[in-house]
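Peer 1: Residue numbers (this note's numbering): 40 to 442. Here it is, the structure, as structure tokens.
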Amino acid sequence: MTRPPETRRDETPRDETRRDETPRQHLDRLWARGRALLGTDTAIMGGAMSWVSERTLVAAISNAGGFGVLACGSMGPDLLAAEIEATQALTDRPFGVNLITMHPELDALVDVCLARSVGHVVLAGGLPAGATIRRLKDGGARVLCFAPATALARKLIRLGVDGLIIEGAEAGGHIGPVSTSVLAQEILPAVGAEIPVFVAGGIGRGEAIVSYLEMGASGVQLGTHFVCATESIAHPAFKAAFIKASARDAVPSVQLDQRFPVIPVRALRNKATERFMAAQQEAIDRFRAGAIDQKAAQLEIEHFWAGALRRAVIDGDVESGSLMAGQSVGLVKEEQPTQAIIDTLIAQAEATLAARAGVAGEPARPDAAAPEARPAARPEARPEARPGVAGAAAPAATADPVP
Ligand SMILES: Cc1cc2nc3c(=O)[nH]c(=O)nc-3n(C[C@H](O)[C@H](O)[C@H](O)COP(=O)(O)O)c2cc1C
């Protein structure tokens, strides 16, 4: 796997389409720093999803021009080594590995990544130790971390990370309390010029990608949107649940008692969601009655979801398993090849930029925006008068095959 060149700051104004550039060139300018950091055609990261983001999907995302990220989850060093090697056999494009910082064998997992020349490691699950970041960087890997607030973003920059991911509460899986839109407004103006920042949580269309890039992001990370990729090994029943669900079905876990914390996880509501409430209540009642101590009650609550994601993703047990999903699940309508998913996002982003140019009197393509939304084009702005522009963006009517 080749490591990408050092990233440079893009001094070009981001918010205007130049006369001589196509929507794709504009998009590439917007996410230039993200692409340079990842070494990819697009700055779309396929966020690591435990059990879902294995070799096949990760390689498919990278081969389609995105950046796949292997989910290490609870794998030990040997399993991770085998998974990295299998992914390298399926793609020669860059991909990353997601390590959970509280993994008991974190150091060994870092060694496994470095020994196999993994170009990028995403550290998740809490603030990483400076020593872990340094060891990865000294070993030649780029390091990306999640920043849940500006102060922590600054701290991670001081610790030497190469990129940040900000993930809002709309996302699937473990979540923080703040929405993507608010995190973006808080963190992008503060550090977006200093370091490439990738926005995650709730993204399912190219329009949203463009808007975060225009706010100062260097790229995006999507998880939920890739679950139903044809190459995803998720069980057909898991995919069917995604395709059926609407945004409001993806709900955060509920905590019944302040004394017994529940890690917030966003997942599709199912029988297990209801049973979890009952299980919490039962543990709390037994604690109140003096039958068990607080620690034992807490453990009972925590054990409820043990193995539940695997049961749903791999075994297809969508009733007693955990159906981790983000709110953008409502935008997932069918199983589609990974390449088609990425192409659709790009076409939507290009059509957005083409339409903006049209609104500004510089239509990049006549059919990219509703005619009534655009002023009459000046002769020199007509696409046919500008080499390289006509045909650059897919027409709006066909850019979005998602019904
Ligand atoms: C089923 C599932 C499992 C996930 N597992 C992980 C994980 O193991 N590590 C991690 O850092 N993020 C995990 N995530 C979060 C994703 O990497 C990604 O950041 C998130 O899905 C982006 O938001 P979206 O779901 O709105 O697209 C998971 C998400 C889902 C839906």
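Ideal placement from N, C-alpha and C gives every residue a C-beta, glycine not left out.
Using the Cα positions of residue 225 and residue 188, report the straight-line distance between them to the nearest angstrom.
Peer 2: Looking at the two C-alpha atoms, the distance is approximately 8 Å.
Peer 1: What residues match up with residue 184 in a beta bridge as DSSP calls it?
Peer 2: DSSP output for residue 184 lists 162 and 203 as bridge partner(s).
Peer 1: My assumption, with CB atoms under 8 Å, is that residue 112 sits in contact with residue 139. Please give the rounded CB distance.
Peer 2: Between residue 139 and residue 112 the Cβ distance is about 7 Å, and since that is below 8 Å, they are a contact.
Peer 1: Going by CA-CA distance only, name the one from 180, 199, 243 and 190 that's closest to residue 380.
Peer 2: Nearest of 180, 199, 243 and 190 to residue 380, Cα basis: 243.
Peer 1: Can you tell which of 236, 232, 175 and 190 has the C-alpha that lies nearest to the C-alpha of residue 206?
Peer 2: When only C-alpha atoms are compared, the closest one is 236.
Peer 1: Taking C-beta to C-beta, are residue 87 and residue 109 nearer than 8 Å?
Peer 2: Contact flag set, yes.
Peer 1: By alpha-carbon positions, which one of 278, 135 and 124 ends up nearest to residue 375?
Peer 2: When each option's Cα is compared against that of residue 375, the closest is 278.
Peer 1: Going by DSSP in three states, residue 418 sits in which element: helix, strand or coil?
Peer 2: Residue confidence for residue 418 is low, a pLDDT of 29 falling below 50, so the modelled location carries little weight; the figure read from the coordinates is stated next. Residue 418 falls in the helix class under three-state DSSP.
Peer 1: Given 7 Å as the limit, tell me if residue 14 has its C-beta closer than that to any heavy atom belonging to ligand 1.
Peer 2: In the structure as shown, the chain starts at 40 and stops at 442, and residue 14 therefore has no counterpart that could be examined.
Peer 1: Helix, strand or coil for residue 59 per DSSP?
Peer 2: DSSP places residue 59 in coil when its eight states are reduced to three.
Peer 1: May I have the straight-line CA-CA distance separating residue 274 from residue 384, to the nearest angstrom?
Peer 2: For residue 274 and residue 384, the distance between alpha carbons rounds to 24 Å.
Peer 1: In angstroms, rounded to a whole number, what distance separates the CA positions of residue 129 and residue 307?
Peer 2: Whole-angstrom Cα-Cα distance: 31 Å.
Peer 1: Output the residue ranges of the alpha helix (DSSP H) runs that lie fully inside the stretch 85 to 149 and measure 4 residues or longer, sorted by chain position.
Peer 2: You should have 94 to 102 and 116 to 129.
Peer 1: So does the stretch 258 to 272 actually touch the stretch 363 to 377, counting three or more Cβ pairs closer than 8 Å?
Peer 2: Touching, per the Cβ criterion.
Peer 1: With a threshold of 7 Å on Cβ separation, who are the neighbours of residue 196 within its own chain once the five nearest residues in sequence on each side are excluded?
Peer 2: The residues are 230, 233 and 234.
Peer 1: According to the neighbour-count rule (16 or more other Cβ atoms, all chains shown, within 10 Å of its Cβ), is residue 177 buried or exposed?
Peer 2: That one is exposed.
Peer 1: Which value, in whole angstroms, describes the spacing of the CA atoms of residue 16 and residue 208?
Peer 2: In the structure as shown, the chain begins at 40 and stops at 442. Residue 16 is therefore absent and cannot be evaluated.
Peer 1: Using a Cβ-Cβ cut-off of 6 Å (strictly less than) and excluding sequence neighbours within five positions of residue 192, which residues of its own chain qualify?
Peer 2: If we look at residue 192 and ignore the five residues flanking it on each side, its Cβ neighbours are 186, 203, 226 and 230.
Peer 1: Residues in the same chain with beta-carbon distance under 6 Å from residue 351, minus the five sequence neighbours each way, listed in chain order, please.
Peer 2: 277, 357, 360, 361 and 362, listed in sequence order.
Peer 1: To which residues does DSSP link residue 83 through a beta bridge?
Peer 2: According to DSSP, residue 83 bridges with 259.
Peer 1: Taking only the alpha-carbon atoms, compute the straight-line gap between residue 259 and residue 93 and give it to the nearest angstrom.
Peer 2: Their backbone Cα atoms lie some 20 Å apart in a straight line.
Peer 1: According to DSSP, is residue 239 part of a helix, a strand, or is it coil?
Peer 2: Of the three classes helix, strand and coil, the one that applies to residue 239 here is strand, per DSSP.
Peer 1: Which residue from 132, 348 and 250 puts its Cα closest to that of residue 78?
Peer 2: The residue with the shortest Cα to Cα distance from residue 78 is 132.
Peer 1: Would you decide whether residue 332 is buried or exposed? Buried here means 16 or more other CB atoms lie within 10 Å of its CB.
Peer 2: Residue 332 is exposed by the Cβ-count criterion.
Peer 1: Within the present structure, is the beta-carbon of residue 309 separated from the nearest heavy atom of ligand 1 by less than 7 Å?
Peer 2: No; taking the cut-off as 7 Å, the Cβ of residue 309 has no heavy atom of ligand 1 nearer than that.
Peer 1: Just to confirm before moving on: does the CB-CB distance between residue 154 and residue 126 stay below 8 Å?
Peer 2: Not closer than 8 Å, so no.
Peer 1: Residues in its own chain within less than 7 Å of residue 167 by CB, not counting five upstream and five downstream?
Peer 2: Around residue 167: 140 and 184.
Peer 1: Can you tell me where the alpha helix (DSSP H) holding residue 228 begins and where it ends?
Peer 2: Per DSSP, residue 228 belongs to the alpha helix (DSSP H) from 219 to 230.
Peer 1: The beta strand (DSSP E) that contains residue 293, what's its start and end?
Peer 2: From DSSP, residue 293 is part of no beta strand (DSSP E); its letter is neither H nor E.
Peer 1: Which residues does DSSP pair with residue 212 in a beta bridge?
Peer 2: DSSP, once it has assigned bridges, lists 305 as partnering residue 212.
Peer 1: Is residue 381 near ligand 1, in the sense that its beta carbon is under 7 Å from a heavy atom of that ligand?
Peer 2: Flag unset: Cβ of residue 381 not near ligand 1.
Peer 1: Output the boundary residues of the alpha helix (DSSP H) element that contains residue 316.
Peer 2: Residue 316 -> alpha helix (DSSP H) spans 310 to 327.
Peer 1: Would DSSP call residue 268 helix, strand or coil?
Peer 2: The answer is strand: DSSP assigns residue 268 an E or B state.
Peer 1: I'd like to confirm the pairing. Which residues does DSSP put opposite residue 375 in its beta bridges?
Peer 2: Paired residues: 268.
Peer 1: What ranges does the alpha helix (DSSP H) occupy inside the stretch 333 to 359, keeping only unbroken runs of at least 4 residues that lie completely in it?
Peer 2: Complete alpha helix (DSSP H) runs here, min 4: 333 to 342 and 347 to 352.
Peer 1: What are the boundary residues of the alpha helix (DSSP H) that residue 195 is part of?
Peer 2: Taken as a continuous stretch (DSSP letters only), the alpha helix (DSSP H) holding residue 195 covers 189 to 197.
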